[in-house]
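Numbering follows numbering that gives the first Met the number 0, with no gaps: position 283 of the sequence shown is 282.
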Amino acid sequence: MQGYMLLALQAHFPALHPETCAIDEEPNSCEAARGWKLTLLYLGLFMFAVGEGCMRACVPSLGGDQFSDSDPKKPQLRSTFLTRLKLANSIGAMIGLAFLVWIENNLGWDIGFMTCALAVLVGLLVAASGCPFYRMQKPSGCGSPLTRTLQVLITSSNQKSAANVDDIELQDTNTQGHVFKSGTNQADETRVLIQMLPIFISCFLVYLPFVLLMTLTIQVGRAMDRGAGAIQIPSAASLIAIPTAFHTLMQPCYDRILTPLLRTATGHQHGATPLQRIGAGSACGIAAACVAALVEARRLNVAEQRGLTTSTGTGVPALSVFWLVIQFFLLSVMDTASFGGLAEFIRSEAPSAMKSIAPAVQSCVAGLAAWSCCAFIHLVNRMTRSGGGGDGGWLDGTDFNRARLDRFFLSLGAFELLALVNYTFWARRYARKLRRVSTVV
0 MQGYMLLALQ AHFPALHPET CAIDEEPNSC EAARGWKLTL LYLGLFMFAV GEGCMRACVP
60 SLGGDQFSDS DPKKPQLRST FLTRLKLANS IGAMIGLAFL VWIENNLGWD IGFMTCALAV
120 LVGLLVAASG CPFYRMQKPS GCGSPLTRTL QVLITSSNQK SAANVDDIEL QDTNTQGHVF
180 KSGTNQADET RVLIQMLPIF ISCFLVYLPF VLLMTLTIQV GRAMDRGAGA IQIPSAASLI
240 AIPTAFHTLM QPCYDRILTP LLRTATGHQH GATPLQRIGA GSACGIAAAC VAALVEARRL
300 NVAEQRGLTT STGTGVPALS VFWLVIQFFL LSVMDTASFG GLAEFIRSEA PSAMKSIAPA
360 VQSCVAGLAA WSCCAFIHLV NRMTRSGGGG DGGWLDGTDF NRARLDRFFL SLGAFELLAL
420 VNYTFWARRY ARKLRRVSTV V
């Protein structure tokens, strides 16, 4: 809420704005914000990110704690809660895209940010009103699971005689007046976490093309015709409503229709294992990248025919924005399958003391992938610029009619294919280890 208020404050006072310029016509003539203007912007974004991250990590765990461990229906009830939570998030995003975008375009960004702050305040009050009725579960063990993992790793590095984590036997330690006894339970937690680490890294590689595909698909909508008869999409930012609508419908359809069909075919309780869901989502990502490349090649061809690829070219936008619907659908399937599978994988495989941080791990993987996108774009631009005879890179400039997004989308498809091969290797290896352990037990 405070992040939104800071952004509203900066949007309201002209003294806190950067110098006015025609960024669409002369982007190189614009001066970047400096000093307190930039500091205030980063502070608002930082506070918003912290609040959003805490909510995404804590709300699923709080909801899961409301179900009793003695209830045999707890897994089913928890899954139903998570499904409804995702549905509520999607509906909220749809309302925001329809309502807040209109406010920001017609009444101003300051009113839009302040409306967001008021909405967060109302949600906070509603959540706080239920505090007397919530079922609070104290964390088991002593300290954070990450702290215990670090203790095991540090101790293992100090014990030269220990060959691996399985052989670690820690001594009793006294930390801040609390006697903390570490033993095989800690070592087992760390061993399981280390075994899961390649899956997390592989999911990071799988998710990186998704972020770029979704972001660039929305951005390329600026260079397309956003009207179809009476339907008119107000801005390119509103295009996110299309994958959000798909995501809203997809989760109930998966639970109510696809899961029973897959359960009949595979015999698995959830229709498919979490690792299989992640792999299926990655395959959809490859298909989405290929479709995006074909649509972009078609769009560039139409733009060239209408003279939009030259610096002096003018004309109506090339191609209808509704050509993007197929790749939006595939990306929504990828999001639902891959990250739903990752969350289920963490909840089913992680030690009991670490299950509460499953949403945080999921958000961390997504955040690292999003943060790495800038480096990926910079690397591709540098490679294509140096080999292009002095021409710009595939994504240089702000005019998508003179960029080569079709080639970039193909490179994302190739990257996703390599990520899927890497993921399949580690997933099969993890599954084999799991079968060996279950056989021994």
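Glycine included, C-beta positions come from ideal geometry on N, C-alpha and C.
Note that this is a predicted model, so its numbers are computed, not measured.
Does DSSP classify residue i as helix, strand or coil?
i: residue 224; result: strand
i: residue 319; result: strand
i: residue 441; result: As displayed, the chain neither begins before 0 nor continues past 440, which places residue 441 out of reach and without an answer.
i: residue 55; result: helix
i: residue 325; result: helix
i: residue 188; result: helix
i: residue 31; result: coil
i: residue 366; result: helix
i: residue 20; result: coil
i: residue 383; result: helix
i: residue 432; result: helix
i: residue 232; result: coil
i: residue 161; result: Interpretation of residue 161 is limited by its pLDDT of 47, a score under 50 that renders its predicted location unreliable; no figure is taken from the coordinates.
i: residue 69; result: coil
i: residue 240; result: helix
Can you tell me whether residue i is buried or exposed? The criterion is at least 16 other CB atoms within 10 Å of its CB, across all chains shown.
i: residue 420; result: exposed
i: residue 105; result: exposed
i: residue 358; result: buried
i: residue 497; result: In the structure displayed, the chain extends from 0 to 440; residue 497 sits before or after that span and is not available.
i: residue 425; result: buried
i: residue 323; result: buried
i: residue 165; result: Reliability fails at residue 165, whose pLDDT of 48 lies under 50, so the model's placement of it is uncertain and no value is given.
i: residue 134; result: exposed
Short of 8 Å in beta carbon distance, which residues of its chain neighbour residue i, apart from the five on each side in sequence? Order them along the chain.
i: residue 330; result: 209, 212, 213, 216, 242, 283, 284, 287
i: residue 0; result: 50, 116, 119, 120, 123
i: residue 333; result: 209, 280, 281, 283, 284, 287
Got a sec? Which residues, its chain only, sit under 7 Å from residue i by beta carbon, not counting five neighbours each side?
i: residue 42; result: 5
i: residue 108; result: 10
i: residue 427; result: none
i: residue 92; result: 243
i: residue 291; result: 212, 216, 326, 408
i: residue 247; result: 86, 89, 90, 93
i: residue 96; result: 237, 239, 240, 243
i: residue 59; result: 81, 84, 358
i: residue 257; result: 270
I need the boundaries of the alpha helix (DSSP H) containing residue i, first residue and last residue.
i: residue 340; result: 339–348
i: residue 395; result: Premise fails: residue 395 is in no alpha helix (DSSP H) and is neither H nor E.
i: residue 128; result: 108–128
i: residue 11; result: 1–11
i: residue 304; result: 273–304
i: residue 265; result: 258–265
i: residue 102; result: 100–105
Go through its chain and collect everything with a Cβ distance to residue i's Cβ below 6 Å, but skip five positions before and after it.
i: residue 136; result: 64
i: residue 18; result: 30
i: residue 191; result: 350
Give a yes or no on whether the C-beta atoms belonging to residue i and residue j are separated by under 8 Å.
i: residue 80; j: residue 62; result: yes
i: residue 392; j: residue 381; result: yes
i: residue 201; j: residue 3; result: no
i: residue 273; j: residue 347; result: yes
i: residue 404; j: residue 295; result: yes
i: residue 219; j: residue 399; result: yes
i: residue 207; j: residue 372; result: yes
i: residue 280; j: residue 336; result: yes
i: residue 276; j: residue 339; result: yes
I'd like to confirm something about residue i: is its beta-carbon nearer than 7 Å to some heavy atom of the ligand ADP, or not?
i: residue 82; result: Questions concerning the ligand ADP fall outside what the structure shown contains, since it holds no ligand whatsoever.
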